[in-house]
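Trainee:
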Amino acid sequence: MAIQSPEIQELWHSCQHLARGAGRLLRDHLNTHFRVEYKSNRFDLVTDVDKRSEAYLVESIRRLYPDAGILGEEGGTYQQGSLLWIIDPLDGTVNFAHHLPIFSVSVAVADQNGNVLAGAIYQPMLEELFSAARGKGAFLNETPLHVSDTDSLDRSLLVTGFPYNVAENPNRCIDQFVAFLQKGLPIRRLGSAALDLAYVAAGRFDGFWEVELNPWDVAAGILIVEEAGGIVTTYEGEPHPVIQPSSLVASNGKIHAQMLEVIQRVKVQPLVQQEP
Ligand code: IPD
Ligand code: CA
Ligand code: CA
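According to the numbering used here, the residues represented by the sequence shown are 2 to 277, in order.
1. So F97 and L27 are supposed to be a Cβ contact under 8 Å. How far apart are they, rounded?
2. To the nearest angstrom, how far is the alpha carbon of E229 from that of L186?
3. Classify Y123 as helix, strand or coil using the three-state DSSP reduction.
4. Consider the C-beta atom of D218 and the heavy atoms of ligand 2; say whether any pair is separated by less than 7 Å.
5. Would you tell me roughly how many angstroms separate the C-alpha atoms of E239 and A258, rounded to the nearest one?
6. Select from D51, I62 and D155 the residue whose C-alpha is nearest the C-alpha of F104.
7. Distance, Cα to Cα, L1 vs D218?
8. Exposed or buried, which one is T48 when buried takes at least 16 other CB atoms within 10 Å?
9. Note down the Cα distance separating A69 from S15, rounded to an integer number of angstroms.
10. Would you check whether ligand 3 has a heavy atom nearer than 7 Å to the C-beta of L91?
11. Distance check for L91 and M260, CA to CA, integer angstroms please.
12. How many whole angstroms separate the CB atoms of G208 and A251, which I take to be in contact at a CB cut-off of 8 Å?
13. Using CA coordinates, which residue listed in Y39, P67 and R25 is at the minimum distance from R53?
14. Pull up the CB-CB distance for A199 and I225, whole angstroms please, since I reckon it's below 8 Å.
15. Taking 7 Å as the cut-off, is the C-beta of A1 nearer than that to any heavy atom in ligand 1?
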C-alpha cells in the first residue's frame, strides 16, 4: 500500500522529534563519565550513551509505531513491519568518546520496499536539525537547503571518512584518499558520515565519499542530499541501495562525474603498495 502524503508529513515530524530527543540525551552526557567498550576491533568503540540513545529511540518508535521494524546500529533488527525505521543513535562515537563535540543522531523511515520516506539528522551541540521528506524538500531547521553550485573539482571542498578496518585498505580506500590529496584538494574528515551528508545537502561541502557505509549511517542523509538537489551513487555510479552496506559518493551533482573518475582510476591503477 502506497504511503499517502499526510502520512509522510507525520513520519517526517516523528523523525525530527526522535532525532531531537536522542540528540539532547547525547548532549547532556557528553561531559560525563561514560563507559567505553570495543566492538569489531580496538578502534571500533561503543559507549553506554550510544546504547541509552538507541534504547530511547527504540522505546519511542515502539510506542508511536508498534507494528514497525527497526534497524538500529547497536541492536540489529528488532522486528519486521510495514515501515522500517533505520537509526544511528550516535554517529561519531569516536569523537564523542574523546569529548569532541562533532556527532549526530540519524533517524530515517522507509516503506516496505526500502524507499526512504523521511529522515532527520540532528547535531545537538549546534542545535542544527537537517531533515527531508520525499518530494517535499530538505531543510536546516526551518530554512530550505540547496547543494552548492561549484562545477569544478579543483574549486571543491570535499569530505571523507574511513571504516574501522582502514588499516586493511578495503576497496583501496587509502589509495583513493591519496588520489584526491595528490590533486591538491582540501579534504576534511569530520567523523560522522551522517553529518558529512547533511553538510553536502547544505552546500558546506561539495562532495563526500566513503568506502563501506551501513544503512544507519546514510539512510536519512541520502534522502536529505537528494531533496536538496544533489546526487548519491555507489563508486560505480549505480543508484545507492540504501538498506545494504555500500560504497557511497554524494555530491552537488556538478562534480559527481569528476569524483567518480578519480575513484575509478584508482581501481585500475592502485597507488599504495599493500603490505604482503
Ligand atoms: C562511523 C562514522 C564515521 C565513518 C565510519 C562510521 P559511528 O559511525 O560515521 O564518520 O567514517 O565509517 O562507522 O561508529 O560513529 O556510528
Ligand atoms: Ca554511524
Ligand atoms: Ca553509531
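For every residue, glycine included, the Cβ atom is placed at its ideal position computed from N, Cα and C.
Mentor: This is what the structure gives:
1. About 7 Å separates the two Cβ atoms, so the contact holds.
2. The sequence given here places Ala at residue 229; Glu does not occur at that position. Straight-line Cα distance between these residues: approximately 24 Å.
3. In the structure shown, Y123 sits in a strand (DSSP, three-state: E or B).
4. Taking non-hydrogen atoms of ligand 2 into account, the C-beta of D218 is found less than 7 Å away from one of them.
5. One C-alpha to the other measures close to 12 Å.
6. Per the C-alpha coordinates, the member of D51, I62 and D155 positioned closest to F104 is D51.
7. For residue 1 there is no data in the structure shown, the boundaries of the chain being 2 and 277.
8. Result: buried.
9. Computed Cα separation, rounded: 13 Å.
10. The answer is yes for L91.
11. The alpha-carbon atoms of M260 and L91 are separated by roughly 28 Å.
12. Between A251 and G208 the Cβ distance is about 7 Å, and since that is below 8 Å, they are a contact.
13. Nearest neighbour of R53 by Cα position, chosen from Y39, P67 and R25, turns out to be R25.
14. Sure, about 6 Å apart at Cβ, within 8 Å.
15. Outside the displayed span of the chain (2 to 277) sits residue 1, for which this structure offers no information.
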